Amino acid sequence: MSAAYEASQAVLMSTYARSPVTFVSGDGCWLFDDQGKTYLDFLTGLAVVSVGHGNRRVAKAVAEQMERLVHVSNLYTTEPMVILAQRLIGLSGLDRVFFSNDGATANEAAIKLARRYAQNRYGAQRFRVVSLLDSFHGRTLATLAATGQPARQARFQPLPPGFTQVPAEDVDALRAVIDETVAAVILETTQAEGGVWPLSEDYLAQVRTLCDEKGALLIIDDIQAGMGRTGTWFSWQSLGVSPDIATSAKALANGLPIGACIAKGEVADAFLPGDHGSTFGGNPVVCVAALAVLDEIEDRQLLKNCRERSLQLSGGLELIKGVKQVRGRGLLLAAQLGGNYSTQVASRALELGLIVNPVRPDAIRLTPPLTLSEQEALVGLALLEEAIGDA
Ligand SMILES: *Cc1c(COP(=O)(O)O)cnc(C)c1O
2 MSAAYEASQA
12 VLMSTYARSP
22 VTFVSGDGCW
32 LFDDQGKTYL
42 DFLTGLAVVS
52 VGHGNRRVAK
62 AVAEQMERLV
72 HVSNLYTTEP
82 MVILAQRLIG
92 LSGLDRVFFS
102 NDGATANEAA
112 IKLARRYAQN
122 RYGAQRFRVV
132 SLLDSFHGRT
142 LATLAATGQP
152 ARQARFQPLP
162 PGFTQVPAED
172 VDALRAVIDE
182 TVAAVILETT
192 QAEGGVWPLS
202 EDYLAQVRTL
212 CDEKGALLII
222 DDIQAGMGRT
232 GTWFSWQSLG
242 VSPDIATSAK
252 ALANGLPIGA
262 CIAKGEVADA
272 FLPGDHGSTF
282 GGNPVVCVAA
292 LAVLDEIEDR
302 QLLKNCRERS
312 LQLSGGLELI
322 KGVKQVRGRG
332 LLLAAQLGGN
342 YSTQVASRAL
352 ELGLIVNPVR
362 PDAIRLTPPL
372 TLSEQEALVG
382 LALLEEAIGD
392 A
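Each number in this note's numbering comes from the position in the sequence shown (counting from 1) with 1 added on.
And the structure:
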């Protein structure tokens, strides 16, 4: 056990049950700890380090920008945030961007924007936000109110009012709650933290139609599934729907904190000066990191690699004894186990040198870098097979 891990127990708040490992460096899909041990990273810090650890292009862009200009605030324009906004608009088909610091603040911006738009257009009664059970939208009070996990919500009452949850894949349940008080529906196309549950294209299409009929906006929380993770730039682009507002964060700057709320022009125009803001949002250092990530995905054809490795990994997982089902999209996958022993599998995998996440008591989540090679995928599959066999 490392000294840093032991020291952490006394000085950090106990919000995480941390593994007793201390990483000191990384290279591509690999991590190295303070004992000199090597690990294959099939977690990427929760779907964040998509273009790999120690990425040279990102490091160089950040180092150069650090020397040029770090921060001036949003009272002024800086070039990287404008170029990044233009790139995200081009890739998403949406029209305007607000930059925040992480996922929760991107969703906060989306919820505030939806309320602002709906109240301008329909009046003060239209403020409710409908989300799905087993969703995850963040840990601020409003995004926790949108997160469909009653156990997490129970400990922090009272939460802000105006949030309702319905079961996923149940159009009638949604229809029953969407009325003239609903400003927006927010959902993830694959419910990631909830256990990696992909929503069907049919359900997504019906949600889109219902929103249009009732005048509610559709917000797609693409924080985990976006930025190439499911094989397209944004997750909805292979699913036949598109949102009025989308949020992005996790992989956008490969580990530097950034969030983006991207909206259709008519909706985005509801925000006026003073309505919303952020001290750090769109800071030039994180924006050049994000631009380097987009260049890496493009130049190294990582969307294609994501789709190919996805087929390879899901095919391989299905052959592992003890894996009952494989689900997910792209490189956002889960292996369903036959019982509640995913923590044992993850601990054994860690000992063997493979990092995976026990997303549910009976399921393991795999979110390797999009740069994963065919050979590395084989190594990961072999280690996971051994870990499941031993656990
Ligand atoms: C991680 C996540 C968030 C919250 O992002 P933070 O950066 O941790 O605030 C919100 N929505 C989804 C779908 C996520 O995966």
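Heads up, the beta-carbon is just placed ideally off N, CA and C, and yes, glycines get one too. These numbers come from a predicted model, not from an experiment.
Any idea if residue i is buried or exposed, counting beta-carbon neighbours within 10 angstroms, 16 or more meaning buried?
| i | result |
| --- | --- |
| V83 | exposed |
| N358 | buried |
| N56 | buried |
| Q66 | buried |
| G37 | exposed |
| G381 | buried |
| P21 | exposed |
| G229 | buried |
| D222 | buried |
| L304 | buried |
| L76 | exposed |
| D245 | buried |
| P285 | buried |
| G275 | exposed |
| S374 | exposed |
| K265 | buried |
| I146 | With the sequence shown as reference, residue 146 is identified as Ala, and Ile is not the correct amino acid for it. Answer is buried; the Cβ neighbour count reaches 16. |
| G232 | buried |
| A48 | buried |
| T16 | exposed |
| L312 | exposed |
Relative to the C-alpha of residue i, which residue among the options is closest?
| i | options | result |
| --- | --- | --- |
| L89 | G283, V172, R57 | G283 |
| P168 | R230, V131, E181, A8 | V131 |
| E309 | I321, D213, F24, P369 | P369 |
| G227 | T23, D42, S51, Y17 | S51 |
| P258 | I224, E386, F164, A143 | I224 |
| T190 | D34, S348, I220 | I220 |
| N306 | A206, Q376, G163 | Q376 |
| D42 | L351, L334, A388 | L351 |
| I365 | P81, S279, R328, L292 | R328 |
| A107 | Q313, A125, A143 | A143 |
| G354 | L384, V63, L379 | L384 |
| A105 | P81, L218, S279 | S279 |
| G256 | P274, V294, A271, D270 | V294 |
| T45 | N341, L379, G339, L333 | L333 |
| A184 | A174, T248, A217 | A217 |
| L85 | Q166, A291, E170 | A291 |
| S400 | E7, A8, L95, V12 | Any property of residue 400 remains undetermined from this structure, which presents the chain solely from 2 to 392. |
| L188 | F137, D173, T141 | F137 |
| A60 | G29, S74, R209 | G29 |
Taking just the CA atoms, how far does residue j sit from residue i?
| i | j | result |
| --- | --- | --- |
| D103 | A261 | 8 Å |
| G390 | G323 | 8 Å |
| D300 | R330 | 22 Å |
| C288 | G91 | 16 Å |
| T182 | Q158 | 23 Å |
| H99 | I263 | For the sequence presented, residue 99 should be read as Phe rather than His. Looking at the two C-alpha atoms, the distance is approximately 6 Å. |
| Q302 | R58 | 15 Å |
| S3 | V25 | 11 Å |
| D180 | K215 | 7 Å |
| D296 | Q345 | 38 Å |
| L371 | G27 | 15 Å |
| F33 | A177 | 51 Å |
| P199 | G139 | 19 Å |
| A347 | A18 | 13 Å |
| P162 | F128 | 9 Å |
| Y356 | A388 | A small correction: the amino acid at residue 356 is Ile; Tyr does not occupy that position in the sequence shown. Approximately 11 Å, taken between the alpha carbons. |
| V63 | K251 | 17 Å |
| A335 | Q166 | 24 Å |
| Y342 | S93 | 39 Å |
| Q326 | A125 | 46 Å |
| L462 | S201 | The requested residue 462 is not part of the displayed model; the chain covers only 2 to 392. |
| A269 | R97 | 6 Å |
Pairs of beta-carbons, one from the region 64-71 and one from the region 228-241, closer than 8 Å: are there three or more? Taking 8 Å as the limit for Cβ pairs, the verdict is that the region 228-241 does not touch the region 64-71.
Does the region 194-202 come within contact of the region 360-370, defined as at least 3 CB pairs closer than 8 Å? The region 194-202 is in contact with the region 360-370.
Assess, as a yes-or-no matter, whether the region 314-333 is touched by the region 100-116 under the definition of 3 or more beta carbon pairs within less than 8 Å. No, the region 100-116 does not touch the region 314-333.
Unbroken stretches of the beta strand (DSSP E), 3 residues or longer, contained in the region 217-271: Complete beta strand (DSSP E) runs here, min 3: 218-222, 246-249, 260-264.
Three or more beta-carbon pairs under 8 Å between the region 119-127 and the region 138-154, yes or no? Contact annotation: the region 119-127 does not touch the region 138-154, with fewer than three C-beta pairs closer than 8 Å.
Please go through the region 131-192 and give each complete alpha helix (DSSP H) segment of 4 or more residues, from N-terminal end onward. 142-147, 151-155, 172-178, all fully within the region 131-192.
Every unbroken alpha helix (DSSP H) inside the region 85-134 [4 residues or more]: Fully contained in the region 85-134 are the following alpha helix (DSSP H) runs of length 4 or more, in chain order: 104-123.
Jot down the residue ranges of each uninterrupted beta strand (DSSP E) in the region 297-323, minimum 3 residues, whole runs only, in chain order. When DSSP assignments are scanned along the region 297-323, no uninterrupted stretch of beta strand (DSSP E) that is 3 or more residues long falls wholly within it.
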